[in-house]
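Colleague:
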Amino acid sequence: MLILLAVASDGNGQDTPTTPQEQYDALRKEYDRASSSAVPLTDAERLEFVGRVYKHRNALAQKFLELAEKHPSDPIALDALVQSVWQVNTTPWPVELVGEDTARAKAFERIEHDYIKSDKLGPLCQRVSYGFCQEYESFLRAVLAQNPHRQVQATACLSLGQFLSGRLHRIELCQEQPALAKEFEGLYGEAYFAQLQRQNQESTNREIEAVLEQAMEKYGDVQLTAGNTIGALAKVKLHEIRFLRVGKEAQDIEGADQEGKQFKLSDYRGKAVLLDFWSQY
Numbered sequence: 000m001l002i003l004l005a006v007a008s009d010g011n012g013q014d015t016p017t018t019p020q021e022q023y024d025a026l027r028k029e030y031d032r033a034s035s036s037a038v039p040l041t042d043a044e045r046l047e048f049v050g051r052v053y054k055h056r057n058a059l060a061q062k063f064l065e066l067a068e069k070h071p072s073d074p075i076a077l078d079a080l081v082q083s084v085w086q087v088n089t090t091p092w093p094v095e096l097v098g099e100d101t102a103r104a105k106a107f108e109r110i111e112h113d114y115i116k117s118d119k120l121g122p123l124c125q126r127v128s129y130g131f132c133q134e135y136e137s138f139l140r141a142v143l144a145q146n147p148h149r150q151v152q153a154t155a156c157l158s159l160g161q162f163l164s165g166r167l168h169r170i171e172l173c174q175e176q177p178a179l180a181k182e183f184e185g186l187y188g189e190a191y192f193a194q195l196q197r198q199n200q201e202s203t204n205r206e207i208e209a210v211l212e213q214a215m216e217k218y219g220d221v222q223l224t225a226g227n228t229i230g231a232l233a234k235v236k237l238h239e240i241r242f243l244r245v246g247k248e249a250q251d252i253e254g255a256d257q258e259g260k261q262f263k264l265s266d267y268r269g270k271a272v273l274l275d276f277w278s279q280y
């Protein structure tokens with residue numbers, strides 16, 4: 000009896016996860032706990048905490064990947080692979096602070112090879128649209144080209160446009176801030192970053208607009224979980240690219256000033272203008 004109890008419990012007296020689902024649930028619980036410090040932090044402590052969270056979750060990502068590789072035929076395998084790439088580094092933290100994500104490339108390779116036609120990939124498409132790394136682009140393009148589910152196709156199309164636009168914006172920022180460029184190089188690879196810096200921005204812009212136009216025309220009626228439609232979100236993003244980016248001519252607007260006098264923005268062409276939008280409601 001004592002021997003059986005020892006085998007069935009861990010060092011804390013708790014049952015050791017045995018099935019793939021139980022192992023996944025235990026890792027998820029640990030993953031979720033990692034994001035809370037439980038106490039107020041100073042700026043310096045917060046930065047240190049961010050580094051610990053990223054490194055801990057990177058280590059857990061490797062465990063999720065190993066779980067999926069060990070049980071490839073179990074339904075939990077895809078969930079584990081998705082969770083292994085769920086942490087998206089949207090801020091170029093120094094790699095010395097957050098560590099390297101060693102599971103990402105292998106996990107995306109397995110998703111593309113084994114699960115690219117799954118109807119569960121929509122949330123991951125949305126998630127990676129805010130990121131930067133090379134695997135996100137190839138994943139989104141593969142989903143758009145190969146996934147048979149219209150909802151997932153639509154999400155991948157919009158996400159690809161958002162991803163390409165966000166990545167181009169970051170590249171433009173890096174051209175202005177060399178220190179930022181160094182951090183991106185450290186996180187995502189020098190060769191990949193150099194390739195992005197050599198791309199023709201005008202042709203990239205044209206592709207982004209074409210992808211978002213496809214999202215509007217082909218998938219405009221598809222609804223996302225938040226209640227927005229693909230068409231509405233693509234339209235907003237297109238407007239931002241065409242009229243609100245640095246160097247673009249602002250779309251003309253008409254309105255009344257604080258004295259009730261009608262004006263048009265074009266009346267002030269050639270002058271520095273500050274626009275302050277607000278509402279009394």
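Using numbering that gives the first Met the number 0, read the sequence shown as starting at 0 and increasing by one per residue.
Glycine is no exception: its CB is placed at the ideal position from the N, C-alpha and C atoms.
The structure presented is a predicted model; accordingly, all values stated were derived computationally and were not measured.
1. Return the CA-CA distance between residue 140 and residue 249, expressed in angstroms with no decimal places.
2. Please report how far the alpha carbon of residue 56 lies from the alpha carbon of residue 80, in whole angstroms.
3. From 90, 32, 47 and 22, pick the residue whose C-alpha is nearest to that of residue 74; which is it?
4. Pick out whichever of 218, 32 and 142 has its Cα sitting closest to the Cα of residue 232.
5. Who does residue 255 pair with in a DSSP beta bridge?
6. Can you tell me the Cβ-Cβ gap for residue 135 and residue 142, rounded? I've got them flagged as a contact below 8 angstroms.
7. Between 230, 77 and 256, which has its C-alpha nearest residue 275's C-alpha?
8. Terminal residues of the continuous alpha helix (DSSP H) containing residue 148?
9. Around the C-beta of residue 243, are 16 or more other C-beta atoms found within 10 angstroms, so that it is buried, or is it exposed?
10. Would you check if the distance between the CB atom of residue 213 and the CB atom of residue 124 is smaller than 8 angstroms?
11. For residue 180, count neighbouring Cβ atoms within 10 angstroms of its own Cβ and tell me buried if that reaches 16, exposed if not.
12. Can the beta-carbon of residue 52 be found less than 8 angstroms from the beta-carbon of residue 149?
13. Look at the alpha carbon of residue 25 and the alpha carbon of residue 122, and state the distance between them as a whole number of angstroms.
14. Using the DSSP secondary-structure output, state which residues sit across from residue 228 in a beta bridge.
15. If you follow the alpha helix (DSSP H) that residue 275 is part of, which residue opens it and which one closes it?
16. For residue 161, count neighbouring C-beta atoms within 10 Å of its own C-beta (all shown protein chains included) and say buried if the count is 16 or more, exposed if not.
17. Whole angstroms are fine: how far does the CA of residue 254 sit from the CA of residue 87?
18. Using a Cβ-Cβ cutoff of less than 6 angstroms, which residues in the same chain neighbour residue 114 once the five nearest sequence positions on both sides are dropped?
19. Which residues in the same chain as residue 19 place their Cβ atom closer than 7 angstroms to its Cβ, once the five residues preceding and following it in sequence are excluded?
20. What residue does the alpha helix (DSSP H) around residue 69 start on, and which one ends it?
21. Determine the direct distance from the alpha carbon of residue 45 to that of residue 173, and round the result to whole angstroms.
22. Between 118, 105 and 147, which has its C-alpha nearest residue 137's C-alpha?
23. Identify whether residue 22 lies in helix, strand or coil by the three-state DSSP scheme.
24. I'd like the list of long-range same chain contacts for residue 29, defined as Cβ closer than 7 angstroms, with 5 residues on each side in sequence excluded.
25. Looking at C-alpha atoms only, which residue of 133, 145, 209 and 84 is the closest neighbour of residue 192?
26. Would DSSP call residue 125 helix, strand or coil?
27. Near residue 33, what residues of its chain come up, given a Cβ to Cβ distance below 7 angstroms and the 5 sequence neighbours on each side ignored?
28. If we count the other Cβ atoms within 10 Å of its Cβ and call it buried at 16 or more, is residue 153 buried or exposed?
29. When DSSP labels each residue in this structure, what does residue 114 get in the three-state scheme?
Modeller: Reading from the atomic positions:
1. 31 angstroms
2. Here the C-alpha atom of residue 56 lies approximately 13 angstroms from the C-alpha atom of residue 80.
3. 22
4. 218
5. 261
6. Incorrect: roughly 11 angstroms between the Cβ atoms, too far for contact.
7. When the alpha-carbon of residue 275 is set against those of 230, 77 and 256, the nearest one is in 256.
8. First-last for residue 148: undefined, no H or E at that position.
9. Using a 10 angstroms sphere on the CB of residue 243, the tally of other CB atoms stays under 16, which defines it as exposed.
10. no
11. Using a 10 angstroms sphere on the CB of residue 180, the tally of other CB atoms reaches 16 or more, which defines it as buried.
12. no
13. Between residue 25 and residue 122, the C-alpha separation is close to 22 angstroms.
14. The partner list for residue 228 (beta bridge, DSSP) reads 222.
15. No alpha helix (DSSP H) contains residue 275, which DSSP labels as neither H nor E.
16. buried
17. 41 angstroms
18. For residue 114, where only same-chain residues beyond five positions count, the Cβ hits under 6 angstroms are 77.
19. 66, 70, 73 and 75
20. Taken as a continuous stretch (DSSP letters only), the alpha helix (DSSP H) holding residue 69 covers 42-69.
21. Each residue's alpha carbon lies about 25 angstroms from the other.
22. Ranked by how close their Cα comes to the Cα of residue 137, the residues 118, 105 and 147 have 105 in first place.
23. helix
24. Here the set comprises 59.
25. 133
26. helix
27. 52, 55 and 56
28. buried
29. coil
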